[in-house]
Amino acid sequence: MNRPVKLPMICLAFEFTSDRRSVAISDGSQRVLSQVFHDRGRTTPVFHMIEQALAEAQVARASIERLAISIGPGSYTGIRLAIAAAQGWHLATGVDVVAVDTFEALLRQTQRPAVAGPRVLGVNAQRQEFAVREWNGQSWAGPLHLESADLLLQRITGGQPVFGPDLGTWIRGLPSTSTSSELAARADALEAYPQASDVALLGANNNPVPPETLAPVYLREASFVKAPPHRHIPGFTD
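Residue numbering for the sequence shown follows our numbering, beginning at 129 and increasing consecutively.
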């Protein structure tokens with residue numbers, strides 16, 4: 129019995145987890161048709177980026193058959209913006225939506241000829257912590273986890289290949305007592321940014337999810353502060 133042939137689908141992808149945001153379109157067969165970048169300022173011109181990507185790819189809006197969203201970890205605001213755009217598009221058109229692990233996209237950008245074998249990927253998670261995952265050269269060598277900024281700096285100064293968005297900027301912003309001139313000089317070489325082109329290609333193989341279930345990857349447990357007890361003020365709360 130012949131199995132039905134899986135036809136490629138035109139995919140629109142969003143990668144808003146870092147300061148270097150991007151939108152891309154692929155043809156569903158591992159070929160990127162266009163990619164548009166925007167370095168984050170006060171606003172991200174989402175719809176302008178989409179229109180530019182469509183124009184460069186020579187693809188009509190109605191031809192988009194899948195949306196791929198990079199869900200983090202990374203900029204919570206950026207991810208929420210991408211999710212909102214995808215949910216709105218889905219409501220208007222009904223096209224499939226897929227979620228893509230940001231670290232899978234980031235890994236593709238670190239697979240350079242000069243960097244073979246194991247490496248560490250890190251994304252700034254604020255509060256002096258990084259979201260970190262290790263690659264052993266063939267597969268992930270453990271789960272995604274939070275790691276102190278001090279420990280990540282020790283990895284870098286110890287010679288481990290470490291890559292991530294804005295790592296160079298972070299290193300240059302450290303006190304001079306924390307870094308050597310040699311490390312500061314090669315800080316830019318540590319920077320790698322996930323790109324929407326990879327999100328589109330990875331998303332071609334992912335299963336669709338209900339758009340309303342999309343949420344940013346968040347590694348910290350939610351904490352709630354209990355409200356103080358009601359205070360009785362005679363004449364005001366009687």
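Glycine residues also receive a C-beta, built at the ideal position from the N, C-alpha and C atoms. Bear in mind the structure is a predicted one, so any value in this text is a computation, not a measurement.
Backbone secondary structure at residue i - three-state DSSP
i    : result
R283 : helix
V174 : helix
G331 : helix
S146 : coil
D326 : helix
S154 : strand
Q163 : strand
E179 : helix
L195 : strand
L302 : coil
L140 : strand
G292 : strand
Contact under 7 Å by Cβ, residue i with residue j
i    : j    : result
A227 : V337 : yes
V160 : A181 : no
G265 : P246 : yes
Q256 : A277 : yes
R149 : H166 : yes
D147 : R170 : no
I284 : V290 : yes
Q288 : V243 : no
T230 : T172 : no
Nearest-angstrom Cβ-Cβ length linking residue i and residue j, presumed shorter than 8 Å
i    : j    : result
V251 : G292 : 5 Å
A320 : T205 : Going by Cβ atoms, the distance from A320 to T205 rounds to 21 Å, so no, they are not a contact pair.
Q215 : P339 : 5 Å
L281 : S309 : Their Cβ separation, rounded to whole angstroms, is 15 Å, which puts L281 and S309 out of contact at 8 Å.
L342 : I178 : About 17 Å; that fails the 8 Å criterion.
Same chain only: Cβ atoms within 7 Å of residue i, ignoring 5 sequence neighbours per side
i    : result
A233 : E143, S198, P322, Q323, D326, V327 and L330
I192 : I138, L140 and V223
V187 : I138, I153 and L161
V174 : L209 and A213
Same chain, Cβ closer than 8 Å to residue i, neighbours up to 5 away in sequence not counted
i    : result
H273 : A259, V260, R261 and L347
Own chain partners of residue i with C-beta closer than 6 Å, once the 5 adjacent residues on each side are dropped
i    : result
G296 : A315, D316, L318 and E319
E184 : S162
V345 : I199, G200 and P201
H218 : V225 and P339
Any non-hydrogen atom of the ligand HEM within 6 Å of residue i CB
i    : result
D294 : The ligand HEM is not part of the structure shown, which contains no ligands of any sort.
Minimum Cβ-Cβ distance from residue i to chain B less than 7 Å
i    : result
G156 : Among the chains in the structure shown there is no chain B, since it carries only a single protein chain.
Please give me, in chain order, every unbroken run of the beta strand (DSSP E) with length at least 3 that falls completely inside the stretch 215-278.
224-228, 247-252, 257-263 and 273-276
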